[in-house]
Structures are given as structure tokens and as C-alpha cells.
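One structure is given here, and the rest of the page talks about it.
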Amino acid sequence: MMEPADRRALLLVVLLAAALRLPFLGYGLPELPWVDAFQFVGEAQRLAQGTGPFEPNDFMYPGLMKLLLASIYAFFDVVEPASMHLTARLVSATFDLGTTALLFVVARRHLSRLGAMAAASLYAVAILPIASARLETTDTMLTFFLTAALMVATRPGKLGGRYFALVAALVGLAMGAKLSGLYGGLALLAVTWLAWREGMPGWRAAGYGVAAGLLAVVVFLATTPWLIEYAEVFALATKVQAEAQRFGQIGHVQGSWLAYLSDDAFTPEQPWLPMSLGGALGPLVLVGMAAGIALALRAPRDVRLLAWLGYGLLYLLLMLGAGRVQALRYLLPAFPSLALALGVAVHALATRFRARWTAGLALALLALYPLSRSVPFVVAGSRPTTNRLAEDWARTAIPPGSRVLLTPFYLENLAQLPLDVRRFRGAAQTQYRLRDSLGVDTEATPVYRPELVDQMPAAGIRYVILNSFFEASLADAPANRRYFPKTVAAYAAFRERLEEKATRVFHIDGWSEGRIGPDITVYRFD
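Every position in the sequence shown, counted from 1, becomes a number in the numbering used here once 26 is added.
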């Protein structure tokens with residue numbers, strides 16, 4: 027049982043997390059939903075309307091989030107698009123609040139109350155979980171189930187068969203949220219090793235471990251009931267996704283093995299989110315994490331704590347690789363373990379100096395940099411998006427019926443205006459270095475080329491509307507130059523030709539002016 031002071035501390039940390047996740051959660055809706063939301067919200071909407079869970083349209087993700095949202099939509103009669111997206115964000119934020127609470131409970135098993143608050147508070151204020159919790163994605167659901175699985179696997183005391191089964195069920199649910207839930211196999215290894223270490227015969231622990239792995243697969247299949255019928259399609263989609271992860275996405279590619287630790291770039295479609303842990307947390311927090319890991323290794327008496335830290339480090343290591351996709355949210359499942367490492371350092375500081383105010387002051391200083399990243403993002407949600415402001419301008423400035431070319435993904439609200447809208451074809455496929463058998467290699471066919479500008483007037487295009495959420499991924503950055511040199515050069519030539527042939531008639535800045543939404547630029551052919 028938790029002491030009353032622990033319960034108060036837990037409530038305080040969860041309230042802090044809620045204050046940075048729930049306000050202005052509907053930012054950008056309905057004009058700017060998350061680019062991949064159709065894979066969850068759109069699919070759930072279709073399932074809720076009665077076509078059934080055995081006829082999916084999307085095979086890139088498993089089914090847990092889709093079925094959960096479909097059930098909510100059907101039960102509460104959620105039909106308005108903005109409400110559907112907001113519901114998905116509420117689900118995402120709720121799972122992340124759950125992870126915050128789990129982290130405090132886990133940290134309190136191993137650390138002082140102040141150390142536990144340090145670990146959970148870092149998770150509460152960091153931009154990485156906050157940005158994920160405020161999106162229609164499954165990253166927070168995945169992280170919650172993986173954290174819960176490891177929490178059960180490392181519980182104090184003897185581990186019997188029921189704990190193996192519970193860990194397996196949680197790992198299966200994690201896999202149902204996202205295929206990277208397969209990393210939950212580390213939790214299965216942990217529970218097997220700890221059970222053996224606590225006295226269970228090796229053959230029995232191994233048998234329980236194998237049975238738990240099979241149970242995890244069964245639970246996963248229950249979350250994705252169409253998988254067996256559409257196994258070949260799902261396998262192909264998974265193979266394409268794996269190849270895309272392996273060979274990189276332009277604007278989202280690791281320039282070196284240390285890119286996730288220290289990289290000054292920002293996520294193109296989320297410019298408030300750095301692409302590295304150093305950029306998101308600051309050097310002091312990274313040093314604190316490293317110190318916590320070193321302290322835990324120096325006196326390795328708590329094997330369960332070491333299991334947590336080892337899990338986080340191994341997960342991070344598996345994500346590293348020059349040329350592979352770089353997206354900071356992919357590290358979210360490892361973040362509770364990394365935050366726990368900071369808690370170890372603060373706990374050691376409090377123990378060393380025997381003064382709470384010393385460790386408390388250190389914790390406050392460590393939180394300043396993460397808060398400087400997260401608070402402006404949350405506050406920006408209260409302001410009109412650049413999409414809405416651009417739409418207001420276009421309603422009066424662009425004559426109805428004008429033929430307008432929209433750049434990909436982030437300008438869908440402008441497509442609803444009474445305009446003759448045209449789009450770039452194949453933009454989703456031409457962001458990766460895929461083999462010809464699996465997709466289009468952007469280096470062979472860049473989505474932007476200078477000759478397109480020459481073809482636009484002949485095709486009747488009067489206006490071209492660009493958005494930085496997509497085009498920033500094509501920037502002349504070091505990692506892009508290394509892995510996508512032809513695409514970068516083609517885009518630079520495209521913009522130069524567009525400046526020569528057309529007139530810039532409108533521009534609005536997004537994040538640099540504290541607004542959610544892309545920088546939007548409009549060109550007109552005279």
C-alpha cells in the first residue's frame with residue numbers, strides 16, 4: 027500500500043501531466059488533423075458505421091486503437107469529424123496520463139519519494155510524451171502497455187504463472203497498438219530471468235516464457251481479427267514499412283549513429299518537437315540520466331531497477347542507425363526507463379546531501395529546459411492556425427473556380443473552398459528510398475522538379491500553395507544531402523524556378539510566430 031504522502035505526490039504529478047496535455051487539445055481541428063489520422067480515425071469511423079472489423083482498408087497498423095475508437099464512436103454516436111479526432115486525442119492523452127502514474131509507482135519501488143517525483147515529473151513535462159499525447163496516434167497506447175508489462179515483470183516477490191500470463195496479455199495489447207510492441211519480448215525475457223533468479227527451476231521458467239510468448243500472439247490476434255484473412259496483404263504492408271524504416275524518409279533520416287542523442291534539427295511537420303533527446307531535454311537532463319545509469323551500475327544490488335534501465339538502453343540502441351528513419355516519438359516506449367534514470371540521480375543527490383531542498387532545487391533546474399519546449403506548444407493551441415488564417419485570405423483573394431495546385435497533406439481545409447484543386451501525385455510514396463519492387467525511390471523520381479513549374483501554366487494552374495510541414499522535409503540539411511542528394515537538389519531548383527516564373531502573393535509564418543500550422547506561401551502565375 028502507498029503511504030498518504032505518496033498518494034499526494036502521485037496526484038500532484040498526474041495533475042501536472044494533465045495540465046500540459048489536456049488544455050487546447052482540439053488545436054488545429056477541424057482544419058489540421060494529424061497527417062496519419064486516417065489510419066485510426068478514418069478506419070474507426072468506417073468500422074463504426076457498420077462495415078465490420080473484417081473488412082479493413084488500412085493494413086499499416088494493427089487494430090486495437092481502431093476497434094477502441096470504433097466502439098466509442100458507435101456507443102456515444104460520435105459522427106462529427108472534429109469530434110472524432112478530438113476523441114482520439116483524448117484516448118491518446120489518457121493512456122499517457124496512465125503511463126505517468128505507472129512510472130511514479132515503479133520509481134517509488136526503487137527510490138525515495140523525491141526520486142520518484144523526479145522521474146515522473148520529467149515524463150510529465152517533457153515535449154516528447156506531450157506532443158505524442160496530443161496527437162491521434164498509438165504511441166502513447168503502445169508505451170502504456172509496454173510500461174505496464176515491464177512493471178508486472180519486475181514486481182517484488184516471487185513470479186508465478188499468473189504473472190507470466192499478465193505480462194503476455196499486456197505485450198499482446200502493445201502489439202495490437204503498434205507492431206513495435208514486439209519489443210515487449212524484452213519484458214517476457216525479464217520476467218523469465220527474474221523468476222529463475224528467484225528460485226523457479228530453469229525448465230519451468232523457460233516453459234512459462236514460451237507459453238507467455240504464445241499467449242501474447244493470441245491476444246494480438248484478438249486485437250486484429252482480420253489479420254488471418256488478410257495475412258498476405260498485412261505482411262506486404264509490414265514489409266514496406268520495415269523497408270521504409272530501414273532506408274530512411276527524407277527529412278526524417280538519421281545522419282549518424284548519435285543523431286537521436288544530439289541533433290539540432292526539428293521535426294518538419296511538428297517544428298515544436300526536436301528530433302533528438304538532447305534537443306528535447308537539454309544537456310543537463312542527459313547528464314543526469316547518464317549519472318543515474320552509472321550510479322545504478324556502480325552498486326548493482328537492485329536487479330529489477332537494472333532491468334528497467336537495461337530495457338530503456340537496449341530499446342534506444344535498437345532504434346539507432348545512420349540512414350534509418352528518425353522520429354523522436356519512436357523513442358517514447360524507452361522514455362519511462364530514461365526518466366527513471368534521472369530519478370536515480372536525484373535520489374542519490376538527496377541521499378548524499380541529506381537535504382531535500384538541494385535535490386528539489388536540482389529537480390526544478392532540470393525541469394526548466396523541458397518546460398521551455400513544452401509550454402509554448404501547449405499555449406500555441408489557443409491561437410488560430412495558419413491554415414485557418416490562410417483559408418480566410420484565400421476566400422477573398424483567390425477567385426472562385428481558379429485552378430490551384432496544393433502541396434501534399436497539410437492543406438486539406440483549402441481543398442474545401444470553391445476552387446479547382448489539383449494535387450501532386452504520389453507524394454506519400456516518393457519520400458522514401460524503397461526498392462522498386464516495394465515502392466517508388468524518391469531519388470529516382472523526386473516529387474518536386476523544376477520542369478513541373480514550366481508545365482503548370484500550360485495545365486491551367488493559376489495558383490500554387492506551398493506548406494512547410496511537407497517542404498521542410500526537403501531542406502538542404504546535412505542528413506538529407508547525404509542520403510537524398512538528388513531530391514534536395516531537385517527541390518531547390520523547383521523553388522528557384524517558381525520564384526522566377528510566378529509572383530508570391532501571400533505568406534504566413536507558423537511556429538516561428540508561435541502558431542500551430544505550416545508556413546504557407548501562395549504563388550500566382552500572371
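Glycine is no exception: its CB is placed at the ideal position from the N, C-alpha and C atoms.
Because the structure is a prediction, the values reported are computed rather than measured.
- Query: Which of helix, strand or coil does DSSP assign to T166?
  - Reply: helix
- Do you know offhand how far S428's Cα is from A420's? 11 Å
- Does the segment 324-340 come within contact of the segment 108-126, defined as at least 3 CB pairs closer than 8 Å? no
- Query: Taking C-alpha atoms, which residue in G314, W283 and V243 lies nearest to S302?
  - Reply: W283
- Evaluate Q296 with the Cβ neighbour count: other Cβ atoms within 10 Å of its Cβ, from every protein chain shown; 16 or more gives buried, anything less gives exposed. buried
- Within the same chain, show all residues whose beta-carbon is closer than 8 Å to that of G228, passing over the 5 residues directly before and after it, in chain order. W222
- CB S499 to CB G277, shorter than 9 Å? yes
- Would you be able to state if there are at least three C-beta pairs under 8 Å between the segment 130-137 and the segment 50-67? no
- Query: Are the beta-carbon atoms belonging to R599 and V447 less than 9 Å from one another?
  - Reply: What is shown of the chain runs 27 to 552, which leaves residue 599 out entirely.
- Please state if the CB of A127 and the CB of M167 are separated by a distance shorter than 9 Å. no
- Query: Roughly how many angstroms separate the alpha carbons of T412 and L93, rounded to a whole number?
  - Reply: 33 Å
- If we count Cβ pairs, one from each stretch, closer than 8 Å, do we get three or more for the segment 390-407 versus the segment 139-159? yes
- Query: Got a sec? Which residues, its chain only, sit under 8 Å from L185 by beta carbon, not counting five neighbours each side?
  - Reply: A179, V217, L220, A221, E224 and M226
- Return yes when the Cβ of N493 is within less than 9 Å of the Cβ of F450, no when it is not. no
- Message: Quick check on V533: buried or exposed, where buried means 16 or more other Cβ atoms within 10 Å of its Cβ?
- Response: Rather than Val, the amino acid found at residue 533 in this sequence is His. Exposed is the call here.
- Query: Helix, strand or coil for T113 per DSSP?
  - Reply: helix
- In the DSSP assignment, what are the bridge partners of R550? Y489 and T529
- Would you mind sorting L96 into buried or exposed? The rule is 16 or more other CB atoms within 10 Å of its CB. Looking at the sequence itself, residue 96 is Ala, so the reference to Leu does not match. The residue in question, A96, is buried, as its Cβ has 16 or more Cβ neighbours within 10 Å.
- Quick one: measure Cβ to Cβ for A175 and A119, integer angstroms, because I've assumed they're closer than 8 Å. Going by Cβ atoms, the distance from A175 to A119 rounds to 21 Å, so no, they are not a contact pair.
- Message: On the criterion of 16 or more Cβ atoms from any shown chain inside 10 Å, does R324 qualify as buried, or is it exposed?
- Response: exposed
- Message: Please report the distance separating the alpha-carbon of L46 from that of L354.
- Response: 18 Å
- Task: Would you check if the distance between the CB atom of Y149 and the CB atom of A306 is smaller than 9 Å?
- Result: no
- Item | Assigned exposure category for I491 - 16 Cβ within 10 Å defines buried | buried
- Would you say L342 and L364 are within 9 Å of each other, going by their C-beta atoms? yes
- Message: By alpha-carbon positions, which one of R33, Q275, A108 and T173 ends up nearest to L366?
- Response: T173
- Message: Using CA atoms only, rank isn't needed, just tell me which of G198, E269, P472 and R33 is closest to L247.
- Response: G198
- Give me the Cα-Cα distance between Q271 and W334, rounded to the nearest whole angstrom. 26 Å
- Where do the N-terminal and C-terminal ends of the beta strand (DSSP E) with W17 fall, by residue? In this structure the chain extends from 27 to 552, so residue 17 is not present and cannot be described.
- Task: Please go through the same chain and pick out, in chain order, the residues whose beta-carbon is closer than 6 Å to the beta-carbon of G486, but skip the five residues on each side of it.
- Result: R429
- Message: So, under 8 Å CB-CB, V370 and L321 are touching, yes? Tell me the CB distance rounded to an integer number of Å.
- Response: 6 Å
- When E497, S408 and Y509 are compared against P469, the one with the closest alpha-carbon: The question names Pro, but residue 469 is Glu in the sequence shown. Closest option to E469, Cα to Cα, is Y509.
- Around the C-beta of I424, are 16 or more other C-beta atoms found within 10 angstroms, so that it is buried, or is it exposed? buried
- Message: Considering only their Cβ atoms, is the gap separating A516 from P472 smaller than 9 Å?
- Response: yes
- Report the three-state DSSP secondary structure of D289 (helix, strand or coil). coil
- Residues sharing a beta bridge with L432, DSSP: R449 and I491
- Mark E106 as exposed unless 16 or more other C-beta atoms lie within 10 angstroms of its C-beta, in which case mark it buried. exposed
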